[in-house]
Each structure stands twice: as structure tokens, then as C-alpha cells.
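Peer 1: Sharing a structure, written as C-alpha cells. Questions coming.
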Amino acid sequence: MPRARLAAALLSLLAAAAQADELGHAAFTGQLAAARPACHRCHMRDGRGGTEGGAPDLVAAAAGHDAASLRRALVEGIGADGRPLSRLMPRYPGLDDRMAADLLAYLGDLPIRDRLGVEPALVRLGVAADSAYALALQAALDRTAPRLFGRRPQVVAVEAPGTPQVLAVVGLRAPLQPWTDAGVPVLFPRQTLRGTEDASITRGLSAAAEDIGDAIMADARRAGFAGVEPRGEVDPAIAAVLRPPASGPAALVLGRNADSPPPPARLYALPGAQTERRDAIRVVPGGPLLDRMMARHIPAHTAHAEIAAEIIAAALRAAGRDLTRTRFLAAMTAADMTALGLDYRRAPLTGTREVGLRTH
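Numbered by mature numbering (1 follows the signal peptide of the UniProt record, and there is no 0), the letters in the sequence shown go through residues -20 to -1, 1 to 340 in order.
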């Protein structure tokens, strides 16, 4: 076979393998409509089980299946040995032969995927498009965790989700979903989380937008505004109640133009918002970042990197020598973070749901 044809054939095989891996991942994580609810909700991200109803180890179970028997198990609830499976397990009638085959292959590779970024002498953490933050994070990790279980935490640049060889990506400013959809854990993005992100693969450092919205609406109601309802979404901008109580139900309007007429009766300024009104109520999401910046008089990116490094170091120590992405995130949830004002057991996504409201 000529070299050009051989190369084309190899590329075709590699592309087909990559597509099968993507489809298997999409099935396992519930990104395919026919594969919802997602397997990892009960069986964990590593497929090893142990959450809802004592879910079994899918990786081990898959070894006893071929594609046809796996499809029968998922569609009809019949195990490889012919016995009925637990009624607690969802059934997936829309799962076809191709999906079952790709899912089976994915389960076989899952232990390798769960160890991405972990090597005998290194554990790699990714930072996307931010060299200053990457340098600050590496310096902080060198101080807090120079070497754990023979591994040095190493910060590397990552450009796109795909399947980067990192344990997790840290301090993202870009949208999270492309990374989490690819199965890459996202730690401490430098933006307000919505509150609906998947806590099995995401960790934040401050209260989410849902908590901020709840705090604003509760405060407005205490101030006498009736029927407060949100319009739009909380973002790093301005939130304003535009109608006083006497005029009926109030509307909580969220946007960047709260200073323009008509003037709001009560104004809430979210983090990063700019307003000249001295009566604005400053919204301060709970979390350690602001306290660290004020106590140390250091830039936000440096404070963020220091806190991230402290949490990562604690999780790496707790996860132990047999390090995987799943064990790392579970260790982070279980670790005592009270010194930082965080508790991922009570607030798995953000570590805190506290929101402060401050007046001048």
C-alpha cells in the first residue's frame, strides 16, 4: 500500500476511535438524551460506584459484557448472567447498539482517563491563557506542596478542552461547559458560578449567582417590597428593585444600566459593578478571596492562586498515593477547609452559600 494511502487509512482509524471515545463519554455522562440520567450520578466519575443505593462498580461489571449484553442490561435490566438487575437502576430504551458498543469501550478506558495528569514524579494542573496566574499558582504550590507522595505539582498551559493530560484546570475565565463536557475537572473559576453546574466535576470559591439572587430578594422583602421576582440573571453588574412597595409588586431587574432613569428605589451593586450612587447596597459573596486580598494587600490573581494552592495541597494529601481525578475531588469535599471559611460537604459546588450585604 502506498504511504499516502496508508497514512490516510491510519488517520481514518484514529478519527473513528476518537469519535467512539467521544460518544462513549457522552453516553456515560448523560450528554446523549438516550443516556439520561447519567451513569456517573450513581456510579461516580470513575465508574466505581458506591453512591445512590450502593451502586455497583461499572468498570468491573463491564468486563463480563459484550456490547449486546450491555445493551440488554441497560434497556431491559437483565444482567450478563440472565438475572434481573436492581429496580433502582434506570432503564435506557433509546440506547442503540452503537451507543452500547461505544459505552463498553469507554468503560474499559475509564481507569486511564481518571488518571490523566498523574505521573510517578509529577501531577499536572492546567491553566488556560493566563501566564501571570500560572506563575502565581506554581509559586504558591511550590510553597504549600513542593512534593507529595513523590510527585511535584506542575502548572502547565492548556489551550482547549479535548482530553488534556492534566488532573484539573484551575482558575478559568472562559466558559466552563466545554471543559466539563470533556470530563476535565474545573477548579475555582474566576467568575461567579450560576449554581447549576455539576458539582461532581466543578469547585468554586464563593457563593453562586443563585445564592446571590436569593439574598437580594430576601433583603428586598424584609425592606417591605412585595412580590419581588427576578428578571434575567445575576451577573457581575447591577441589580435594582425599580418599584417601591406602595406601587405594588416589585420587579428585581438585573442589568448594567441601573444608574439611568428611572432611578431604582433600592439598588444592589454586585461584585465588579460600577455605580455612582452612594446608597447602593454592596453584595459580597461569601468566600476567602476578598479577606485574603484585604489582609495581605495583594492583587486578586495572587490571592486567588494562594487559596487555590492551599485547597489543592490539602486535597492531594488526603487523596493519597493512589491519585485519580475522582479521588482528588472526593478528598477535596471531605477535607477540613474551615480555616478558609469553606465547607464542600455542606456546599459541594462552591464551599459556601453565604452572601453579605453592606451599606456605606
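The beta-carbon is built from N, C-alpha and C at its ideal position, and this holds for glycine as well.
1) Residue 378 and G336 look like a contact to me (Cβ under 8 Å); what is the Cβ gap, rounded to whole Å?
2) With the cut-off set at 8 Å, would you say P169 and P158 are in Cβ contact?
3) Using DSSP with H/G/I as helix, E/B as strand and the rest coil, what is L(-15)?
4) Looking only at C-alpha atoms, which of E286, R51, R104 and L96 sits nearest to A116?
5) Compare the C-beta of A80 with all C-beta atoms of chain B and state if any pair is closer than 8 Å.
6) For P251, which residues in the same chain have their Cβ closer than 8 Å to its Cβ, ignoring the five residues on either side in sequence?
7) Should G163 go down as buried or exposed, given a rule of 16 or more other Cβ atoms within 10 Å for buried?
8) Between which two residues does the alpha helix (DSSP H) containing P158 stretch?
9) Buried or exposed: which applies to L121, given that a residue is buried once 16 or more other Cβ atoms fall within 10 Å of its Cβ?
10) Around the C-beta of R71, are 16 or more other C-beta atoms found within 10 angstroms, so that it is buried, or is it exposed?
11) Should L68 go down as buried or exposed, given a rule of 16 or more other Cβ atoms within 10 Å for buried?
12) Do L296 and L128 have their beta-carbon atoms positioned less than 8 Å apart in this structure?
13) Distance check for T313 and A187, CA to CA, integer angstroms please.
14) Around the Cβ of D77, are there at least 16 other Cβ atoms within 10 angstroms (buried) or fewer (exposed)?
15) Counting pairs of Cβ atoms below 8 Å between the stretch 41 to 50 and the stretch 80 to 92, do you hit three or more?
16) Could you tell me if T339 is buried or exposed, where buried requires 16 or more neighbouring beta carbons within 10 angstroms of its beta carbon?
17) Between the Cα of A148 and the Cα atoms of V98, A119, T124 and D194, which residue gives the shortest distance?
18) I'd like the span of the beta strand (DSSP E) that includes P133, first residue to last.
19) Are the beta-carbon atoms of M79 and L12 separated by less than 8 Å?
20) Check G235 in the structure and name its three-state DSSP category.
21) Can you give me the Cβ contacts of A179 inside the same chain, cut-off strictly under 7 Å, excluding the 5 residues immediately before and after it?
22) Assuming the contact rule is C-beta atoms closer than 8 Å, I291 and M317 should be a hit. Round their C-beta distance to whole Å, please.
23) What residues match up with V55 in a beta bridge as DSSP calls it?
24) Grab the span of the alpha helix (DSSP H) containing I92 for me, first residue to last.
25) Measure from the alpha carbon of D191 to the alpha carbon of each residue in L185, A203, P73 and G175, then state which is nearest.
26) Beta-carbon separation of V103 and P126 under 8 Å?
27) Opposite L50 in the DSSP bridges: which residues?
28) Identify every residue that forms a DSSP beta bridge with I261.
29) Do A200 and R246 come within 8 Å of each other at the CB atom, strictly closer than that value?
30) Could you tell me the distance, in whole angstroms, from the CA atom of G235 to the CA atom of L87?
Peer 2: Quick look at the numbers:
1) The chain is shown from -20 up to 340; residue 378 falls before or after that span and cannot be answered.
2) no
3) Any answer about L(-15) is weak, because its pLDDT of 42 lies below 50 and its placement is not dependable; what the coordinates show is given next. The answer is helix: DSSP assigns L(-15) an H, G or I state.
4) Residue E286 is the option with its Cα nearest to A116.
5) Within the model displayed, chain B is absent; a lone protein chain is all it includes.
6) T172, P216, V263, V264 and P265
7) G163 should be labelled buried.
8) Note, P158: alpha helix (DSSP H), Q157 to D161.
9) buried
10) R71 is exposed by the Cβ-count criterion.
11) Sixteen is the threshold: since fewer than 16 other Cβ atoms of the shown chains lie within 10 Å of the Cβ of L68, the residue is exposed.
12) yes
13) 16 Å
14) exposed
15) Segments in contact, yes.
16) T339 comes out exposed.
17) V98
18) Residues R132 to V138.
19) yes
20) Residue confidence for G235 is low, a pLDDT of 48 falling below 50, so the modelled location carries little weight and cannot support an answer.
21) P328 and L329
22) 7 Å
23) DSSP, once it has assigned bridges, lists no residue as partnering V55.
24) D77 to R93
25) Comparing Cα positions, the closest option is G175.
26) Cβ distance not < 8 Å, so V103 and P126 don't count as in contact.
27) Answer is none; L50 lacks a bridge partner.
28) Y248
29) yes
30) For G235, the predicted structure reports a pLDDT of 48, less than 50, and the residue's modelled location is therefore unreliable. The matter cannot be settled from this model.
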